[in-house]
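Worksheet: the structure to be examined is printed underneath.
Residue numbers (UniProt numbering): 1 to 107.
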(Lines of atoms letter the chains of each structure in order from A and count residues from 1; the text may use other names and numbers.)
(Lines give C-alpha, C1' and ligand atoms only; values in the text may rest on other atoms or scores of the structure.)
Protein backbone atom coordinates (compact mmCIF):
# COMPACT_ATOMS: atom_id res chain seq x y z
CA UNK A 1 0.00 0.00 0.00
CA UNK A 2 1.12 3.48 -0.82
CA UNK A 3 0.34 6.34 1.52
CA UNK A 4 0.38 9.84 0.26
CA UNK A 5 0.99 12.79 2.45
CA UNK A 6 -0.75 16.04 1.70
CA UNK A 7 -3.36 16.91 -0.77
CA UNK A 8 -3.25 16.64 -4.46
CA UNK A 9 -4.91 19.33 -6.50
CA UNK A 10 -5.92 22.66 -5.05
CA UNK A 11 -4.01 23.81 -1.97
CA UNK A 12 -5.70 23.74 1.38
CA UNK A 13 -6.41 26.66 3.64
CA UNK A 14 -2.92 26.71 5.13
CA UNK A 15 -1.28 26.70 1.67
CA UNK A 16 -3.49 29.57 0.54
CA UNK A 17 -2.66 31.62 3.64
CA UNK A 18 1.06 30.92 3.19
CA UNK A 19 0.98 31.91 -0.47
CA UNK A 20 -0.93 35.12 0.38
CA UNK A 21 1.63 35.97 3.09
CA UNK A 22 4.52 35.48 0.67
CA UNK A 23 2.86 37.64 -1.98
CA UNK A 24 2.01 40.33 0.57
CA UNK A 25 5.54 40.31 2.03
CA UNK A 26 7.07 40.58 -1.42
CA UNK A 27 4.78 43.47 -2.33
CA UNK A 28 5.63 45.28 0.93
CA UNK A 29 9.36 44.76 0.44
CA UNK A 30 9.13 46.03 -3.14
CA UNK A 31 7.09 49.06 -2.10
CA UNK A 32 9.58 49.89 0.68
CA UNK A 33 12.50 49.58 -1.72
CA UNK A 34 10.81 51.92 -4.20
CA UNK A 35 10.08 54.46 -1.44
CA UNK A 36 13.68 54.31 -0.16
CA UNK A 37 15.04 54.82 -3.66
CA UNK A 38 12.74 57.80 -4.18
CA UNK A 39 13.89 59.36 -0.91
CA UNK A 40 17.51 58.75 -1.86
CA UNK A 41 17.00 60.41 -5.24
CA UNK A 42 15.29 63.40 -3.58
CA UNK A 43 18.22 63.77 -1.16
CA UNK A 44 20.71 63.57 -4.03
CA UNK A 45 18.74 66.17 -5.99
CA UNK A 46 18.63 68.50 -2.97
CA UNK A 47 22.39 68.10 -2.40
CA UNK A 48 23.05 68.83 -6.08
CA UNK A 49 20.80 71.90 -5.98
CA UNK A 50 22.62 73.20 -2.91
CA UNK A 51 25.98 72.69 -4.62
CA UNK A 52 24.81 74.60 -7.68
CA UNK A 53 23.29 77.50 -5.73
CA UNK A 54 25.29 80.73 -5.78
CA UNK A 55 27.24 81.40 -2.60
CA UNK A 56 25.52 83.60 -0.04
CA UNK A 57 26.39 87.29 -0.27
CA UNK A 58 29.46 88.27 1.67
CA UNK A 59 29.32 90.77 4.46
CA UNK A 60 31.56 93.60 3.48
CA UNK A 61 33.09 95.77 6.20
CA UNK A 62 31.35 99.03 6.92
CA UNK A 63 32.88 102.04 5.24
CA UNK A 64 35.34 103.99 7.32
CA UNK A 65 33.81 106.92 9.18
CA UNK A 66 34.22 110.26 7.55
CA UNK A 67 37.20 112.19 8.83
CA UNK A 68 36.59 114.91 11.38
CA UNK A 69 36.04 118.40 10.13
CA UNK A 70 39.22 120.38 9.63
CA UNK A 71 40.22 122.47 12.64
CA UNK A 72 38.38 125.73 12.92
CA UNK A 73 40.13 128.95 12.16
CA UNK A 74 42.01 130.48 15.07
CA UNK A 75 39.50 133.35 15.45
CA UNK A 76 36.58 130.93 15.58
CA UNK A 77 38.45 128.68 18.05
CA UNK A 78 39.23 131.60 20.36
CA UNK A 79 35.59 132.67 20.27
CA UNK A 80 34.38 129.19 21.22
CA UNK A 81 36.91 128.95 24.04
CA UNK A 82 35.69 132.31 25.39
CA UNK A 83 32.09 131.05 25.31
CA UNK A 84 33.12 127.90 27.18
CA UNK A 85 34.96 129.99 29.78
CA UNK A 86 31.89 132.17 30.28
CA UNK A 87 29.65 129.13 30.70
CA UNK A 88 32.10 127.65 33.21
CA UNK A 89 32.36 130.92 35.15
CA UNK A 90 28.56 131.25 35.20
CA UNK A 91 28.34 127.75 36.71
CA UNK A 92 26.52 126.19 33.76
CA UNK A 93 29.44 123.80 33.10
CA UNK A 94 31.17 121.80 35.82
CA UNK A 95 34.96 121.53 35.89
CA UNK A 96 34.82 118.08 34.23
CA UNK A 97 32.42 119.22 31.51
CA UNK A 98 34.53 122.33 30.84
CA UNK A 99 37.72 120.25 30.58
CA UNK A 100 36.06 117.72 28.24
CA UNK A 101 34.64 120.44 25.97
CA UNK A 102 37.95 122.29 25.86
CA UNK A 103 39.79 119.06 25.06
CA UNK A 104 37.33 118.37 22.24
CA UNK A 105 37.84 121.81 20.75
CA UNK A 106 41.63 121.68 21.00
CA UNK A 107 42.04 117.99 20.22
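Backbone N, C-alpha and C fix where the C-beta goes; we use that ideal spot for every residue, glycine too.
Values in this document were obtained by computation on a predicted structure and should not be read as measured data.
Under the three-state reduction of DSSP, which class applies to residue 75: helix, strand or coil? Residue numbering aside, residue 75 sits at position 75 when the chain shown is read from its first letter. Helix.
By the 10 Å Cβ neighbour count, where 16 or more other Cβ atoms means buried, how is residue 13 classified, buried or exposed? What you label residue 13 is simply residue 13 of the chain shown in a count that begins at 1. By the 10 Å Cβ count, residue 13 comes out exposed.
Could you check what DSSP says for residue 101 in three-state terms: helix, strand or coil? Numbered from its first residue, the chain shown carries residue 101 at position 101. Correct three-state label for residue 101: helix.
Nearest-angstrom Cα separation, counted from residue 47 out to residue 16: Looking up residue 16 in the chain shown gives position 16. Looking up residue 47 in the chain shown gives position 47. Rounded to whole angstroms, residue 16 to residue 47 spans 47 Å at the Cα level.
Is the separation between the beta-carbon of residue 105 and that of residue 81 shorter than 8 Å? Here residue 105 refers to the residue found at position 105 when the chain shown is read from its first residue. Here residue 81 refers to the residue found at position 81 when the chain shown is read from its first residue. Their beta carbons are under 8 Å apart, which means residue 105 touches residue 81 by this criterion.
Specify, as a first and last residue, the run of the alpha helix (DSSP H) that residue 15 falls within. Looking up residue 15 in the chain shown gives position 15. That run of the alpha helix (DSSP H) goes 13-52.
Would you grab the beta carbon distance between residue 98 and residue 84 for me? Rounded to a whole angstrom, and I think it's under 8 Å. In the chain shown, residue 98 corresponds to position 98, counting from 1. In the chain shown, residue 84 corresponds to position 84, counting from 1. Their Cβ separation, rounded to whole angstroms, is 6 Å, which keeps residue 98 and residue 84 in contact under 8 Å.
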